[in-house]
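2 protein chains.
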Amino acid sequence: MSDASSSGSLVVVGLGPGDPRLTTPDVTDALAAATDLIGYGPYIARVPDRPGLTKHGSDNREEIDRARHALTLAGAGRRVVVVSSGDPGVFAMAAAVLEAVEHGDPGWRELDLRVLPGVTAMTAAAARAGAPLGHDFCAINLSDNLKPWALVEKRLRLAAEADFVIALYNPVSKARPHQLGQALDILRPLRPPTTPVIFATAVSAEAEKIDTVPLADAVASRADMRTLVIVGSSQTRLITRERGPALVYTPRSAPAESAS
Amino acid sequence: MSDASSSGSLVVVGLGPGDPRLTTPDVTDALAAATDLIGYGPYIARVPDRPGLTKHGSDNREEIDRARHALTLAGAGRRVVVVSSGDPGVFAMAAAVLEAVEHGDPGWRELDLRVLPGVTAMTAAAARAGAPLGHDFCAINLSDNLKPWALVEKRLRLAAEADFVIALYNPVSKARPHQLGQALDILRPLRPPTTPVIFATAVSAEAEKIDTVPLADAVASRADMRTLVIVGSSQTRLITRERGPALVYTPRSAPAESAS
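As given, the protein sequences belong to chains A and B, one line each in that order.
Residues in the first sequence are numbered consecutively from 1, following the UniProt record's numbering.
Residues in the second sequence are numbered consecutively from 1, following the UniProt record's numbering.
1) Taking CB distances under 8 Å as the criterion, tell me whether A/Ile-186 reaches chain B.
2) Could you check what DSSP says for B/Ser-173 in three-state terms: helix, strand or coil?
3) Does the region 108-115 of chain A come into contact with the region 154-163 of chain A, if we say contact requires no fewer than three beta-carbon pairs (one atom in each stretch) closer than 8 Å?
4) Could you tell me which chain B residues have their CB closer than 7 Å to the CB of A/Val-11, listed as they occur along the chain?
5) Which class does B/Val-219 belong to by DSSP, given the choice of helix, strand or coil?
6) Between A/Ile-198 and chain B, is there a C-beta pair that is closer than 8 Å?
7) For A/Ser-5, does the count of other Cβ atoms within 10 angstroms reach 16, so buried, or fall short, so exposed?
8) For B/Arg-66 and B/Pro-17, I'd like the C-alpha separation in whole angstroms.
9) Put B/Lys-147 into one of helix, strand or coil per three-state DSSP.
10) Could you work out which residues of chain A lie near B/Asn-141, taking near to mean beta carbons separated by less than 7 Å?
11) Just to confirm, is the Cβ distance from A/Ala-94 to A/Leu-22 under 8 Å?
12) A/Leu-15 to A/Leu-71, Cα distance in whole Å?
13) Candidates A/Val-90, A/Val-80, A/Gly-86: which alpha carbon is nearest B/Tyr-249's?
14) Leaving out the 5 sequence neighbours to the left and right, which residues in its chain are closer than 7 Å to B/Arg-252 when beta-carbon positions are compared?
15) Please report whether the beta-carbon of A/Gly-232 lies at a distance below 8 Å from any beta-carbon of chain B.
16) For B/Leu-215 and B/Ser-233, what's the separation of their Cα atoms in angstroms?
17) Suppose contacts are defined by Cβ-Cβ distances below 8 Å. Is B/Val-97 in contact with B/Val-82 by that definition?
18) Between the region 187-195 of chain B and the region 205-221 of chain B, do three or more beta carbon pairs fall short of 8 Å?
19) Can the beta-carbon of A/Val-152 be found less than 8 Å from the beta-carbon of A/Ile-166?
20) Identify the continuous alpha helix (DSSP H) that holds A/Leu-184 and give its terminal residues.
21) Do B/Asp-59 and B/Gly-41 count as a contact pair if the criterion is CB distance below 8 Å?
22) To which residues of the same chain is B/Leu-142 closer than 8 Å at the C-beta, ignoring the five residues directly before and after it?
23) Between which two residues does the beta strand (DSSP E) harbouring A/Thr-28 extend?
24) Establish whether the CB of A/Ser-173 and some CB of chain B are separated by less than 8 Å.
25) Could you have a look at B/Gly-232 and say whether DSSP puts it in helix, strand or coil?
26) For B/Gly-8, count the other beta carbons within 10 Å of its own beta carbon; 16 or more makes it buried, fewer makes it exposed. Which is it?
27) Looking at the strands, I want to know which residues DSSP matches up with B/Gly-118.
28) Return the bridge partner residues of B/Leu-10 from the DSSP annotation.
29) Determine, for A/Leu-15, whether the minimum Cβ-Cβ distance to residues of chain B falls below 8 Å.
30) In chain A, which residues lie with their C-beta within 8 Å of the C-beta of B/Ile-38?
31) Within this structure, are the beta carbons of B/Ala-30 and B/Val-13 separated by less than 8 Å?
32) Between which two residues does the alpha helix (DSSP H) containing B/Leu-247 stretch?
33) Indicate, with yes or no, if the ligand PLP has a heavy atom lying under 7 Å from the CB of B/Leu-156.
34) In the DSSP assignment, find the beta strand (DSSP E) that holds A/Leu-238 and state where it starts and stops.
35) With a threshold of 16 other CB atoms inside 10 Å of the CB of B/Lys-174, please say whether the residue is buried or exposed.
36) Can you pull the chain B residues whose beta carbon is under 8 Å from the beta carbon of A/Ser-58, in chain order?
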């Protein structure tokens, strides 16, 4: 099963946020060489069917089972590609695969294993709004399935104190309807009420929607499972335009007094 | 010059970390439609010459002058592409362009202006090492050209307290030889000495070099201008292998006591 001399391989890829024009040629090539695709159903549905390709769709839970399945197939000689949206290393399948490697069959460590980067949701959303990530920033996964909510709260407070721009991944799901509202409640007294908050939903897909609102008016109901939220720093600015929506950016510079 | 009805346009793109197979088709299309490329010389040298394309190379300082030049050409009806490495919104040209828009000719606000995302150095480096960004993280630009060094120090301490994985952009340059050493000195007492530190240099280019060392042994001389440094959190782990370098990853989960 896990003979390191077999010709099997495992490649963990990110398709980017949605539009195929944001998928790198490196990932496209890996998909073309695969015998088996493993991933969340809607992601592998983005890859065209072809003879010789078996798709193993699953729901969006049980990432570790999916990782073990992929490793087992690769150990048996298959060319397996594990498919994530965005970048596979940012709150996606790459960490799950490596958890499975560390705690699984020792032969899995010697497999031909690669991770191919992609355009992550945060930079895709930022590009649509302007350049909100132009200065120091952090990314926090709001899901508390695998970490205590108190840790998320602690990180939000420290990130505000550091005056990071804050990208919030997985802001809301059916099973977790309250986290984003609580996060915004924590940040509201710590940033100016005019701080731009970007709700970027379904970026680069047909249903794309980019809303920028002041923190004072930012409510969790603007987000769904396809939303990436970016909360500006104290320095983030809006440029209004006669045509089209305002542009949001965070200047490269920070004033001297910001260090105190 | 800045007639909004002109056919000029300005697109700010990121080529990705180096390998053309990591450049998105969206960016490749924008480059193919350009009349003028503006950017740091080595970056625009990565784009093949062709008839009808004028390249305006510059050194890597004076980003704001470069931005104004691009806006002026776009206002005059040219199809201008501003070229960054990595993602243009992460410590690159997009914020400089928007600073120039906000403070420049009011007509620039009405230009056809787009930002196209790319694979940023942090996720490309992470992919080569495994999945170190699998849990909450931050990105700090170590250049203090435009912000006080005391602010960088403050952010490093707060990021350590938050137990973020920390990506350090622009860790060193000829004009700034001491910042990375100082940053590592700040972090060393705040993280376990075994914490993995990744020095990822020239990722995806021919000269690529990925070194992972314990924080206790991490010295600034391992980095040059092409290096991205990732400092693990308290939870980041190493998987040793008989063949090939160790894999580095940060588990998706965090223990309950990490919130205290």
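Glycine included, every Cβ here is placed at the ideal spot set by N, Cα and C.
Computed from a prediction, not measured in an experiment: that's the story for all the values here.
Let's see:
1) no
2) strand
3) no
4) Those do not exist, as A/Val-11 stays about 10 Å from chain B at its closest Cβ, beyond 7 Å.
5) coil
6) no
7) Model confidence at A/Ser-5 stands at a pLDDT of 44, short of 50, so the residue's coordinates are unreliable; what they give is reported in the following sentence. A/Ser-5 comes out exposed.
8) 21 Å
9) coil
10) Asp-136
11) no
12) 20 Å
13) A/Val-90
14) Gly-134, His-135
15) no
16) 11 Å
17) yes
18) yes
19) no
20) 179-187
21) yes
22) Val-152, Leu-168, Tyr-169, Asn-170, Pro-171, Val-172, Arg-176, Gln-179, Leu-180, Ala-183
23) Looking at the DSSP string, A/Thr-28 is not in any beta strand (DSSP E); the run it does join, the alpha helix (DSSP H), is 25-33.
24) no
25) coil
26) buried
27) Partner(s): none; B/Gly-118 has no beta bridge.
28) B/Val-80, B/Leu-113
29) no
30) Per Cβ cutoff of 8 Å: no residues; B/Ile-38 is ~16 Å from chain A at best.
31) yes
32) No alpha helix (DSSP H) holds B/Leu-247; the beta strand (DSSP E) holding it covers 247-249.
33) Here there are no bound small molecules, and the ligand PLP is not part of this structure.
34) 237-239
35) exposed
36) Residues of chain B passing the Cβ test: none, with the nearest at roughly 16 Å.
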